[in-house]
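In our numbering, the protein residues as written are 116 to 420.
As structure tokens, this is what we get:
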């Protein structure tokens with residue numbers, strides 16, 4: 116427990132400045148790329164635990180995931196603006212189709228790359244590549260979106276654990292993650308909705324012209340298409356449900372990661388963070404929440420034009 120706490124404090128001391136200080140945006144993006152590479156090797160190690168697949172498999176896994184990451188994140192460093200509808204909506208589908216088509220072709224010509232390895236590449240590219248790119252997109256959109264994401268993911272984790280330990284009687288997925296309970300999951304989702312939703316809706320009142328709100332936005336939705344022109348009540352009907360469903364998606368992401376590890380009889384993805392495991396152990400739910408938020412923001416920006 117002591118090791119876990121110390122590691123958590125060190126991670127917070129490093130990540131909070133990277134996430135919140137504007138001049139460190141490029142540094143944050145580079146750190147994420149390094150994290151992507153580490154996460155890919157964690158996935159490769161997991162897949163190799165079943166049967167050694169060799170260098171070609173790991174190389175394809177890394178190449179495809181990095182390509183998907185850069186395609187999704189928009190190919191650029193250091194910008195403080197992100198056009199969701201253009202950068203993701205227009206470019207993502209055709210280029211990703213070409214990348215995945217290349218994976219199918221690779222299974223024909225590379226001897227040690229089997230057809231069933233295609234699914235492993237797709238899982239890694241989606242989970243790691245798009246998940247991490249979604250976090251970068253939210254950060255480029257604004258610090259407020261990263262805080263919203265972290266509140267959803269972290270508050271859910273903390274209170275699901277606390278309520279699960281104290282009141283958990285009904286196992287949520289006993290064959291996948293025996294410690295998770297319905298009581299903890301529901302409590303985590305409700306509290307995360309209240310905390311993250313209130314931050315999002317009352318963002319302007321909480322931060323006026325400070326580091327988190329240099330553009331004096333009233334809510335976190337201000338500046339996204341015409342969402343910011345909606346009344347505060349109307350925005351509340353978006354922000355709170357978004358936090359609630361984001362919490363659910365994050366918990367499902369955590370369960371997906373647990374099932375993946377259990378399938379390969381692994382306790383953790385890695386050990387880079389003492390007491391916390393690997394990159395994927397620490398950020399699995401955040402990846403899923405980030406993907407969900409970016410997808411919803413894209414849809415809303417297209418609908419409310």
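We treat Cβ as the ideally placed atom computed from N, Cα and C, and that holds for glycine.
- Between the C-alpha atoms of residue 168 and residue 360 there is a straight-line separation of about 38 Å.
- Secondary structure remark: continuous alpha helix (DSSP H) runs of at least 4 residues inside the region 257 to 317, in chain order: 258 to 282 and 297 to 316.
- Note that the C-beta distance between residue 314 and residue 255 is not below 8 Å.
- Distance from the CA atom of residue 307 to the CA atom of residue 357, rounded to whole angstroms, is 11 Å.
- For residue 233, the CB contacts under 8 Å within the same chain, skipping 5 residues up- and downstream, are 218, 219 and 222 in chain order.
- Counting only runs that start and end inside the region 128 to 182, the alpha helix (DSSP H) elements of at least 4 residues fall at 140 to 163.
- The C-alpha of residue 341 lies about 20 Å from the C-alpha of residue 258.
- Excluding the 5 residues flanking it on each side, residue 260 has same chain C-beta neighbours closer than 6 Å at 253, in chain order.
- DSSP places residue 409 in the uninterrupted alpha helix (DSSP H) bounded by 394 to 418.
- For a cut-off of 8 Å, the C-beta gap from residue 236 to residue 310 is around 37 Å, too long to register as a contact.
- In the three-state reduction of the DSSP assignment, residue 384 falls in the coil class, being assigned neither a helical nor a strand state.
- In the DSSP assignment, residue 390 falls outside any alpha helix (DSSP H), carrying neither H nor E.
- Taking residue 187 as reference, the option from 285, 368 and 249 with the minimal CA-CA separation is 249.
- Closest in alpha carbon position to residue 136, among 215, 328 and 418, is 328.
- In this structure, DSSP gives residue 249 a helical state, which the three-state scheme calls helix.
- With fewer than 16 other Cβ atoms from the protein chains shown falling within 10 Å of its own Cβ, residue 224 counts as exposed.
- Distance from the CA atom of residue 317 to the CA atom of residue 268, rounded to whole angstroms, is 19 Å.
- For residue 347, the uninterrupted alpha helix (DSSP H) segment begins and ends at 347 to 378.
- In the three-state reduction of the DSSP assignment, residue 336 falls in the coil class.
- Assignment of residue 322 by DSSP, reduced to helix, strand and coil, places it in the coil class.
- The DSSP-derived three-state label of residue 220 is helix.
- Between residue 394 and residue 157, the CB-CB gap stays under 8 Å.
- In the pairwise beta carbon analysis, the region 295 to 302 is classified as touching the region 270 to 280: at least three pairs are separated by under 8 Å.
- Contact between the region 399 to 407 and the region 365 to 377 is present: 3 or more CB-CB pairs across the two stretches fall below 8 Å.
- Taking C-beta atoms as the reference points, residue 369 and residue 384 fail to come closer than 8 Å.
- DSSP places residue 234 inside the alpha helix (DSSP H), whose first and last residues are 232 to 239.
- As the crow flies, the alpha-carbon of residue 344 is around 29 Å from that of residue 245.
- Sorting 346, 388, 417 and 416 by C-alpha distance to the C-alpha of residue 127 places 388 at the top.
- Shown here for residue 374: same chain residues with a beta carbon closer than 6 Å to its own, the five before and five after excluded, namely 291 in chain order.
- Taking a 10 Å sphere around the C-beta of residue 390, we find fewer than 16 other C-beta atoms and assign the residue as exposed.
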